[in-house]
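**Q** Sharing a structure, written as structure tokens. Questions coming.
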Amino acid sequence: MQAALDAVAELADAEGQPDSGSTELYADHDVAFHRAVVEAAHNTALTATYGWFSSSVREALVSSLDDQAMPKIVHGDHRAVMDAIATGDPEAAERATRALLDKPKRAVEALLDAD
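Note that the numbering used here has the sequence shown beginning at 5, numbered continuously upward.
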């Protein structure tokens, strides 16, 4: 999890977004981070489900990185999830995960409502 988060950070510019030309690799590492979070749950059904649709998640991420209507990725939100998992605090991990997903979820909902 830490290695994936560090790799994402190395590919990011000062605003935390992928450097020019590194979007695909950035997405690979971000998906690896999320896969590690899922695996930390030690739930084989969840891990299998995420494995099944992770390529779709990656494609959506690549598309959204260049979409001005989508919020910028906040690496502190990712770190909060990792830290909560590392301390073994499931409630903190849930709160951090919900916070991480809240902005992009609301952005997608707004885009869907606009149609």
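Just so you know, even glycine gets a beta-carbon here, dropped at the ideal spot from N, CA and C.
In this text the structure is predicted, and so the values were computed from the model without any measurement.
Who are the near neighbours of Ala142 in its chain, counting only those whose CB is closer than 6 Å to its CB and skipping five residues on each side?
**A** This structure does not reach residue 142, given that the chain is present from 5 up to 119, and the question cannot be answered.
**Q** Given this structure, state the Cα-to-Cα distance separating Tyr54 from Val41, to the nearest angstrom.
**A** Taking the sequence shown and counting its residues from 1, the one referred to as residue 54 is at position 50. Taking the sequence shown and counting its residues from 1, the one referred to as residue 41 is at position 37. Each residue's alpha carbon lies about 10 Å from the other.
**Q** So what does DSSP say about Ala8, is it helix, strand or coil?
**A** Within the sequence shown, the letter at position 4 stands for residue 8. In the structure shown, Ala8 sits in a helix (DSSP, three-state: H, G or I).
**Q** Please list, in chain order, all residues of the same chain as Glu43 whose beta carbon is under 8 Å from its beta carbon, the five residues on each side excluded.
**A** Indexing the sequence shown from 1 puts residue 43 at position 39. Contacts found: Thr51.
**Q** Taking 8 Å as the threshold, find out whether the segment 63-72 comes into contact with the segment 17-32 through three or more Cβ pairs.
**A** Result yes; three or more Cβ-Cβ pairs closer than 8 Å.
**Q** Tell me whether Pro75 sits in a helix, a strand or coil according to DSSP, three-state version.
**A** Counted from its first residue, the sequence shown places residue 75 at position 71. DSSP places Pro75 in coil when its eight states are reduced to three.
**Q** Looking at Pro108: is its Cβ nearer than 8 Å to the Cβ of Met74?
**A** For the purposes of this step, residue 108 is taken as residue 104 along the sequence shown, with counting starting at 1. For the purposes of this step, residue 74 is taken as residue 70 along the sequence shown, with counting starting at 1. Yes. Within cutoff.
**Q** Since Ala100 and Ala88 should fall inside the 8 Å C-beta cutoff, what is the C-beta to C-beta distance between them, to a whole number of angstroms?
**A** Here residue 100 is taken as the residue at index 96 of the sequence shown, counted from 1. Here residue 88 is taken as the residue at index 84 of the sequence shown, counted from 1. About 5 Å; that satisfies the 8 Å criterion.
**Q** Can you give the Cα-Cα distance for Asp118 and Asp71, rounded to whole angstroms?
**A** Start at 1 with the first residue of the sequence shown, and residue 118 comes out as number 114. Start at 1 with the first residue of the sequence shown, and residue 71 comes out as number 67. This sequence places Ala at residue 118; Asp is not what is there. So the alpha carbons of these two residues sit roughly 15 Å apart.
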